[in-house]
Structures are given as C-alpha cells and as structure tokens.
C-alpha cells in the first residue's frame, strides 16, 4: 500500500484501528514511519487487551529526545534520541517476554536494550490503534495525547526480527513483511477524520 494515514488535527476521536486474529505474543517487533511537527506528548501505536491497557505502546514524551515504550503495563524511557520535527522518521520497537528486554531503532540506529517486564506474554484479543493512547480497552482517548501528522509502512511481527531485517525495513529494501500487521495488505478501520493519501516516497 503506497499510502499514508494523515492525522490533521488534535482530536479525542480520530484514530485508525488495525485488525488481526492473533491473540498471544511472546515477543513482538513493530515498525512504522511517521512525520510530525508536534513537540508535546503523543501516541504513535497503542495495543490494548481487556486485562492490560498498555500491553504495547509507543509514546512520545514532551522532551524532543525521549520515547516511552510500554509492554504488559510496564514501561521504560529511551533517552537521547534524534527525533527532530518536520522530518520523516522510521522507528522499530522490539520486546521479548522471556527476558523482558526491549529496544528501539530510530532511523536505523539501535538504542541500548532496556528491561521492561518479563515472564508474561501479551494475551487476549488486541485493540490496536494508531494516533491515540488507550486508557481503556478500545477507548479512553485524550486529545492532548493525540498524534498530528502522517503514519505509514506499519508492520508488526509476533517475534523479534533480526537486526538485518530492521535495516532492510529502514532502507525500504526487501524484508519479510509483518505476520501480524502487514502494510501491503492491512486490515483497518478509520474513526473520525483520518485521511488516506499517497505516500510521498511512492509518488
């Protein structure tokens, strides 16, 4: 899909729900590309289940260089990142339930690995949302945390993909597409005023 989702305003309604039949994740990788000029808090990706509202969340903190990653209601902050506004960024996040280790890749550069939570996989039918952070299963949105900008090339795997695959994703070369969410055949539902437009990199 040579498209992007366009989130054009602050809102407690506008979001995109991603649909999948997967209900257990012992490990995950999520990759996406985004462009924004927002400097406040905002949510990029939020996966919630009935038992944990923050099962997997990519959340930008007010500080320009900090990204928070949640897994099974635990969380950690990745510091000193390079995320200038008005620039396209690629981001991949990985987490494993066996040892609790998580890592981000920002524009092809890996962070250190940080511990979040171990011993408990993500279980249950997921509510997966782009552009809002869920404070309840499938809802509880806050306009002050809404994303404004563009999001594209979203992929999710139910395992930690090799570093070489992440590098290929960043360079937009052949890589194994997500087996949970595959941007090339994405099943999604739009709520509110989110637009689908051509990806600037694809035209």
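Numbering (UniProt numbering), first residue to last: 1 to 203.
The C-beta atom is built at its ideal place from N, Cα and C for all residues, glycine as well.
A quick note: this is a predicted structure, and the numbers were derived from the prediction, not measured.
Using a Cβ-Cβ cut-off of 6 Å (strictly less than) and excluding sequence neighbours within five positions of residue 175, which residues of its own chain qualify?
165, 168, 169
Where does the unbroken alpha helix (DSSP H) through residue 165 begin, and where does it stop?
Residue 165: member of the alpha helix (DSSP H) spanning 163 to 170, first to last residue.
Does residue 157 get closer than 8 Å to chain D when you measure Cβ to Cβ?
Protein chains in the displayed structure number just one, and chain D is not present.
What's the C-alpha gap between residue 29 and residue 69?
C-alpha separation (whole angstroms): 12 Å.
Spatial neighbours of residue 9 within its chain, please: CB distance less than 8 Å, with the 5 preceding and 5 following residues excluded, ordered by chain position.
148, 193
Is residue 137 near residue 53, with beta carbons less than 8 Å apart?
Yes, Cβ-Cβ distance for residue 137 and residue 53 is below 8 Å.
Going by beta carbon distance, what residues of the same chain come within less than 8 Å of residue 111, once the five residues before and after it are set aside?
Correct list, in chain order: 78, 81, 103, 104, 105.
Nearest-angstrom beta carbon gap, residue 41 and residue 12 [assumed within contact, 8 Å]
Not really, about 14 Å apart at Cβ, beyond 8 Å.
Out of 97, 35, 24, which one is the CA nearest neighbour of residue 50?
24
Please report the residue range of the beta strand (DSSP E) in which residue 188 lies.
Where residue 188 is concerned, the enclosing beta strand (DSSP E) starts and stops at 188 to 191.
Alpha carbon to alpha carbon, how far is residue 152 from residue 203? Give it in angstroms, no decimals.
Here the model assigns residue 203 a pLDDT of 48, short of 50, so the residue's position is not dependable and the matter cannot be decided.
My assumption, with CB atoms under 8 Å, is that residue 191 sits in contact with residue 17. Please give the rounded CB distance.
Rounded, the Cβ-Cβ distance is 7 Å, consistent with contact.
Reference residue 96, options 109, 114, 88, 90, closest by Cα:
It is 114.
Output the residue ranges of the beta strand (DSSP E) runs that lie fully inside the segment 140 to 164 and measure 3 residues or longer, sorted by chain position.
Runs of the beta strand (DSSP E) inside the segment 140 to 164: 149 to 157.
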